[in-house]
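Taken in sequence, the protein lines are chains A and B. 21 is the number of the first residue of the first sequence in the numbering used here; add one for each residue after it. 229 is the number of the first residue of the second sequence in the numbering used here; add one for each residue after it. The C-beta atom is built at its ideal place from N, Cα and C for all residues, glycine as well. Keep in mind the model is a prediction, meaning the values are calculated, not measured. Worksheet: the structure to be examined is printed underneath.
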Amino acid sequence: MFYEIIFETGNHSVAQYGSDEEARDAILSHHNRALKGEKAQATNQEMGPAERVKKVLKYDSHPVDYTASQAAVASDVSAAVEEAINENKIGDLVSVPEVAAAVREISSPLVDSGPHESNYKMPESGELTGDWNE
Amino acid sequence: MIGMNDPGMHFHHREVEFETHREMKAVIAFQRMSQLVTDYVMGNSGSITPPASWTIALSTTAVGSGSNMMRNSIWSATVSGSNVNEIGSSTANGYARQTIAKSINQAGIDWGTSTFDNTFSTGGQSTTADQVTFGAFSGAPSPNGANSWVLTDGSTLNAGQLYFAGDTAALRTFANGDTEKVTPTLKAG
């Protein structure tokens, strides 16, 4: 299983664990370091402080896989082209590179989200709760 | 901070936001990065194209010639020759690749506004990505010990394309509760 760890700082990480129990132990260990004001990495004091955990989302596969094939529904591509044309056209003319960029964006696995929301388009399969929620 | 005195591409990275000093480290641009310039940028290829997004990995393999990385290196679980070997491929223990969007100042983690260095010998256009975080590790990944970070694609360990890489400031070994941060910068000139 893959887990998207969302830190209180707004940082995100994707981690792979064998079970929810393994995930909880690791994530809580880091969270507790933050509560104690300890470093993020035990053997590398230059790595900076540990961060408190805000939320943990679960995925059946790595969320980057959602669009990795770069295949898209044809109607989604048509809609993106039409929207890009409407947004960028001047008279009867439109910039081809701007339309192309809008089409390329369809295959991005990421979204522009709030600091404590998922970074990914892939719907999560659930949320992992733990003592960091208290 | 790392850099490369080479007439082609130059890569720099700041491994940690909190570093108080910067060190020159080894870097490498792999064949696929050059091929994207020649075939995709110059030639509008429909088959040699960038991935849907970039991913960033940690590798046990050091940057350098000989038994380390080479321009035509490939990902492989077999530690031999110039193969590039990823940490956590036998036992992840919290390790997974992190994602950098193929955009500028749009997604949560992507590339920043690029800047230009007009220096004749070492100048070029550079961009820095948002910092990525690995972990928290649940124990020692196997293999453990990162000597480099690698810009790659996909989520499957020891697979995908290699684009560029830089040495970590020192060998990084991970244990329960640890996280690791990398902030890659690309300087192309």
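Of all the CB atoms in chain A, is at least one closer than 8 Å to the CB of residue i?
| i | result |
| --- | --- |
| residue 391 (chain B) | no |
| residue 274 (chain B) | no |
| residue 406 (chain B) | yes |
| residue 250 (chain B) | Confidence in residue 250 (chain B) is poor, its pLDDT being 46 and thus under 50, which makes the residue's placement unreliable; the coordinate value appears in the next sentence. No - not a single Cβ of chain A is within 8 Å of the one on residue 250 (chain B). |
| residue 284 (chain B) | no |
| residue 260 (chain B) | no |
| residue 308 (chain B) | no |
Could you round the C-beta distance between residue i and residue j to whole angstroms and report it? I think they count as a contact, below 8 Å.
| i | j | result |
| --- | --- | --- |
| residue 86 (chain A) | residue 22 (chain A) | At roughly 11 Å, the Cβ-Cβ gap does not stay under 8 Å, so residue 86 (chain A) and residue 22 (chain A) are not in contact. |
| residue 104 (chain A) | residue 119 (chain A) | 4 Å |
| residue 363 (chain B) | residue 411 (chain B) | Not a contact, Cβ separation roughly 16 Å. |
| residue 372 (chain B) | residue 401 (chain B) | 5 Å |
| residue 72 (chain A) | residue 152 (chain A) | 7 Å |
| residue 76 (chain A) | residue 30 (chain A) | Contact doesn't hold; Cβ gap of about 15 Å is too wide. |
| residue 46 (chain A) | residue 404 (chain B) | 6 Å |
| residue 297 (chain B) | residue 289 (chain B) | 6 Å |
Looking at chain B, is there any beta carbon in it that lies within less than 8 Å of the beta carbon of residue i?
| i | result |
| --- | --- |
| residue 40 (chain A) | no |
| residue 136 (chain A) | no |
| residue 151 (chain A) | no |
| residue 34 (chain A) | yes |
| residue 145 (chain A) | no |
| residue 79 (chain A) | no |
| residue 84 (chain A) | yes |
| residue 106 (chain A) | no |
| residue 113 (chain A) | no |
| residue 55 (chain A) | no |
| residue 148 (chain A) | no |
Measuring CB to CB, does residue i end up less than 8 Å from residue j?
| i | j | result |
| --- | --- | --- |
| residue 62 (chain A) | residue 68 (chain A) | no |
| residue 35 (chain A) | residue 26 (chain A) | no |
| residue 130 (chain A) | residue 285 (chain B) | no |
| residue 395 (chain B) | residue 279 (chain B) | no |
| residue 378 (chain B) | residue 287 (chain B) | yes |
| residue 460 (chain B) | residue 340 (chain B) | One cannot answer for residue 460 (chain B) here, as it falls past the ends of chain B, which runs 229 to 417. |
| residue 108 (chain A) | residue 101 (chain A) | no |
| residue 84 (chain A) | residue 327 (chain B) | yes |
| residue 386 (chain B) | residue 281 (chain B) | no |
| residue 254 (chain B) | residue 291 (chain B) | yes |
| residue 144 (chain A) | residue 138 (chain A) | yes |
| residue 92 (chain A) | residue 127 (chain A) | yes |
| residue 391 (chain B) | residue 270 (chain B) | no |
Stretch pair the region 322–339 of chain B + the region 357–376 of chain B: three plus CB contacts closer than 8 Å: yes
The region 410–417 of chain B contacting the region 347–355 of chain B, beta-carbon criterion three pairs below 8 Å: yes
Inside the region 343–392 of chain B only - beta strand (DSSP E) runs reaching at least 3 residues: 343–345, 352–356, 360–363, 374–380
Contiguous beta strand (DSSP E) assignments of at least 3 residues, all confined to the region 67–127 of chain A: 73–79
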